[in-house]
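Here the sequence shown is numbered in numbering that gives the first Met the number 0, starting from 0 and rising by one per residue.
C-beta: ideal position from N, C-alpha, C; glycine also.
Model, not experiment: these values are computed from the prediction.
For reference, the structure discussed in these notes is given below.
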Amino acid sequence: MHNIYNFYEEFNPKIYNNLEHQNLYILNLDCDYAIEVLRQAHSKRMFVAPTKWLLFQDRKTMTTNDDNVNSTFTYDDSVLEIFEDLAIYPDSDVILARRFHGDFLELLSIYRPSPQKGVIWENRGNWTIENGLQMSTFDVASARRRNLQQTALKSCIAVTNPNTINHLTDFKDKSVDPATKANYPWILHLVNRMNATISFEVTGNWGYRTENGSWSGMIGMLERREIDIGGTATFLVPERIGVVQYIQFLCFIFRRPLLSTVSNIFTLPFQRNVWIAIAVFLVLVFCLLYLSIKWEYHRGRMTESAAYWNQLNPSKPTISDNFLILLGAFSQQGYWYEPYRVSSRIVTLMLLLASMSLYAAYTANIVGLLQSTTDSIKTLSDLIDSPLKLGMQDIVYNRHYFKSFQDPVRKTILEQRIEPKGSKSNWMSIEEGVRRVKNELFAFHGEFSAIYQLVQDTYLEEEKCGLTEIDFLHLIYPLLVIQKQSPYSEIIKTGALKLREYGLKYHEEYHLYTRKPVCSSQTSFITIGFTECYFALVIMGYGILFSVIVFAFELLWHKR
């Protein structure tokens, strides 16, 4: 679709509203209303990428001989002065094609490094009918226009602790605002590469939508175009799409795990299918044992040695007798029964061999599990069903994101575990959370680098092996943010890639971010406490309660 205008009029909204496509505008600067058209395009922000402009100007040259003196007459170039006031910045694509004589066209690219700088004319080549397009260079605009000539840029950093401003480059207090301290030198590298200067403002939050629809913090300053680039990385969330533009290069590990230990390890040595197979095996053995003992009893009373048999087996075997035999053999505690017939001995031998094999495998796995962590808690649903208490690092963005989740699992965690009604909330400092993970049945959510730094400093070597983590937020790693339709977007994108390529990005990352401690030694004495024996103690408690109830019924039965 195209339109051709031979006269000046106000732009139709469809011409300037849809700037997401690569629209091409062609303008003849020799027309009477060319300057008005350019000014209107400037007011409608029609020079931003990805729009393209092709401007024509005819500079026909006339040469006359007057008293043997050559005189040259050209058109007035005052029309070109209008570009000094237009928003033609490094992201723009404005080409001026000037005809000097015949079919020779000189191609110039026009841009301004910033609103404070003047126009720069780039020689892009020429065009003729005979030779076609002859380019002087094929470099893209972001490479040609990287030098911003000391343009003054503005940025903003988000901090949660005011003292962070005093330790942006000395790697002190690494657990406090590590993202801000890592991003700060990266922004300086980018600015130096662009030959610009930058000033920073400080805010207490990254930026969230307020009740009246506006944005606070760093995001709000970018939306209002008060700053050019965000100095602290931020999460990619749906609400911010369309408000700011994200740059993918700050993909350092910024996960916030939930750290926990496990309480009940008695069901972990075998997988669920193995436990089901054991149950089926015991039921089968119970049935075979019942039939074989019953047949053995009747056969024993009919033999010649019936008197001797009755002396050893005074009463008829019951189901409870079979259950006690099975329980004693399977738990390696012994039993009173002695089989006499071949069938009973085969069933009993099969039970004993299977019990011995399972017992050896079970105890070996228990010892291994006591020295390692478990993978029984893999999802947030598993975490809710576990006996672990939960805590969260009390920081501004945690409170925002936790309360914005609408899925039932995360809402349940917040409402029942973090902010239970009528009880004290479990928002806490990172020091308290790490300490409780070490000493209690506890899971803690916080910034992973600070957590692992405290673990590195306060945990014993073997205690580092008992941690597991679950990603709670499931968000894309924090990204750099700039103004929407920023004139420096491509320059910043390529600069960010260069930082990663040159290794400059990883210098601060390795100094500021602590990875998960390596479990280098598990060969220590195993301390068994109530945590590890919790399930066994519960079973014993229920067993004692059940025995007391049975004893009470026996007393009542005896009295009656």
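CB-CB length for residue i against residue j, believed under 8 Å
{"i": "Leu389", "j": "Ala442", "result": "5 Å"}
{"i": "Ile197", "j": "Ala495", "result": "At roughly 15 Å, the Cβ-Cβ gap does not stay under 8 Å, so Ile197 and Ala495 are not in contact."}
{"i": "Ser485", "j": "Asp84", "result": "Wrong, their Cβ atoms sit about 20 Å apart, outside the cutoff."}
{"i": "Ala195", "j": "Gln133", "result": "Not a contact, Cβ separation roughly 33 Å."}
{"i": "Lys51", "j": "Asp92", "result": "4 Å"}
{"i": "Glu462", "j": "Ser519", "result": "12 Å between Cβ atoms; not a contact."}
{"i": "Ser213", "j": "Gly219", "result": "6 Å"}
{"i": "Thr231", "j": "Thr179", "result": "5 Å"}
Residue i - DSSP class collapsed to helix/strand/coil
{"i": "Asn130", "result": "coil"}
{"i": "Trp335", "result": "coil"}
{"i": "Leu235", "result": "coil"}
{"i": "His100", "result": "strand"}
{"i": "Val480", "result": "strand"}
{"i": "Thr575", "result": "This structure cannot speak to residue 575, because the chain is shown only from 0 to 559."}
{"i": "Ala360", "result": "helix"}
{"i": "Ala551", "result": "helix"}
{"i": "Ile246", "result": "strand"}
{"i": "Phe137", "result": "coil"}
{"i": "Glu121", "result": "strand"}
{"i": "Gly206", "result": "coil"}
{"i": "Asp172", "result": "coil"}
{"i": "Ile469", "result": "strand"}
{"i": "Gly219", "result": "helix"}
{"i": "Tyr4", "result": "coil"}
Contacting residues, own chain, Cβ-Cβ under 7 Å from residue i (five flanking each side not counted)
{"i": "Gln392", "result": "Ile429, Gly432, His444, Gly445 and Glu446"}
{"i": "Gln455", "result": "Thr513 and Pro516"}
{"i": "Asn397", "result": "Met391"}
{"i": "Ala353", "result": "Phe280"}
{"i": "Asp75", "result": "Note that Asp75 has pLDDT 49, beneath the 50 cutoff, so the model's placement of it is unreliable and no number is given."}
{"i": "Gly117", "result": "Glu83 and Arg111"}
{"i": "Ile277", "result": "Leu357"}
{"i": "Phe199", "result": "Ser154, Cys155, Ile156 and Gly230"}
{"i": "Ser141", "result": "Glu489, Ile490 and Thr493"}
{"i": "Ile14", "result": "none"}
Pairwise C-alpha distance: residue j and residue i
{"i": "His510", "j": "Ala449", "result": "12 Å"}
{"i": "Gly502", "j": "Thr127", "result": "45 Å"}
{"i": "Asn438", "j": "Val201", "result": "38 Å"}
{"i": "Leu566", "j": "Arg434", "result": "Look at the range of the chain in this structure, 0 to 559, and you will see that residue 566 is not part of it."}
{"i": "Gly560", "j": "Gly333", "result": "Beyond the ends of the chain as shown, which are 0 and 559, falls residue 560; an answer cannot be given."}
{"i": "Ile81", "j": "Val36", "result": "11 Å"}
{"i": "Val547", "j": "Trp426", "result": "43 Å"}
{"i": "Pro184", "j": "Gln56", "result": "46 Å"}
{"i": "Phe550", "j": "Lys558", "result": "12 Å"}
{"i": "Tyr4", "j": "Leu187", "result": "47 Å"}
{"i": "Pro112", "j": "Ile481", "result": "17 Å"}
{"i": "Ala181", "j": "Glu210", "result": "32 Å"}
{"i": "Leu323", "j": "Leu554", "result": "22 Å"}
{"i": "Tyr24", "j": "Ile156", "result": "39 Å"}
{"i": "Thr136", "j": "Gly465", "result": "60 Å"}
{"i": "Pro268", "j": "Leu478", "result": "42 Å"}
{"i": "Ser262", "j": "Leu453", "result": "Below a pLDDT of 50, predicted positions are generally treated as unreliable, and Ser262, at 49, falls in that range; no measurement from the model is reported."}
{"i": "Met355", "j": "His297", "result": "30 Å"}
{"i": "Glu507", "j": "Ser422", "result": "41 Å"}
{"i": "Tyr600", "j": "Ser488", "result": "The structure shown has nothing for residue 600, since the chain only spans 0 to 559."}
{"i": "Gln270", "j": "Lys315", "result": "39 Å"}
{"i": "Phe545", "j": "Phe471", "result": "41 Å"}
{"i": "Gly124", "j": "Arg98", "result": "13 Å"}
{"i": "Tyr289", "j": "Ile543", "result": "27 Å"}
{"i": "Lys171", "j": "Asp406", "result": "38 Å"}
{"i": "Phe103", "j": "Glu500", "result": "42 Å"}
{"i": "Asn596", "j": "Phe285", "result": "Since the first residue of the chain shown is 0 and the last is 559, residue 596 is not available in this structure."}
{"i": "Tyr505", "j": "Asn165", "result": "22 Å"}
C-beta neighbour in chain D for residue i, strict 9 Å
{"i": "Leu85", "result": "No chain D appears in the structure shown, which is made up of a single protein chain."}
Cβ neighbours of residue i in the same chain (closer than 8 Å, five flanking residues each side left out)
{"i": "Thr411", "result": "Ile383"}
{"i": "Phe404", "result": "Lys410 and Leu413"}
{"i": "Lys377", "result": "Ile469"}
Nonlocal neighbours in the same chain, by C-beta distance under 6 Å from residue i, ignoring five residues either side
{"i": "Ala48", "result": "Asp90"}
{"i": "Leu53", "result": "Ile25 and Ile94"}
{"i": "Asn27", "result": "Phe55"}
{"i": "Tyr7", "result": "Tyr32 and Glu35"}
{"i": "Leu107", "result": "Leu95 and Trp120"}
{"i": "Met217", "result": "Cys155, Ala157, Thr202, Trp205, Gly206 and Gly229"}
{"i": "Ser291", "result": "Ser342, Ser343 and Val346"}
Every unbroken alpha helix (DSSP H) inside the stretch 8 to 42 [4 residues or more]: With a minimum length of 4 residues, the unbroken runs of alpha helix (DSSP H) contained wholly in the stretch 8 to 42 fall at 12 to 15 and 33 to 42.
Runs of alpha helix (DSSP H) lying entirely within the stretch 495 to 520, each at least 4 residues, in chain order: 503 to 511
Contiguous beta strand (DSSP E) assignments of at least 3 residues, all confined to the stretch 379 to 433: 388 to 392
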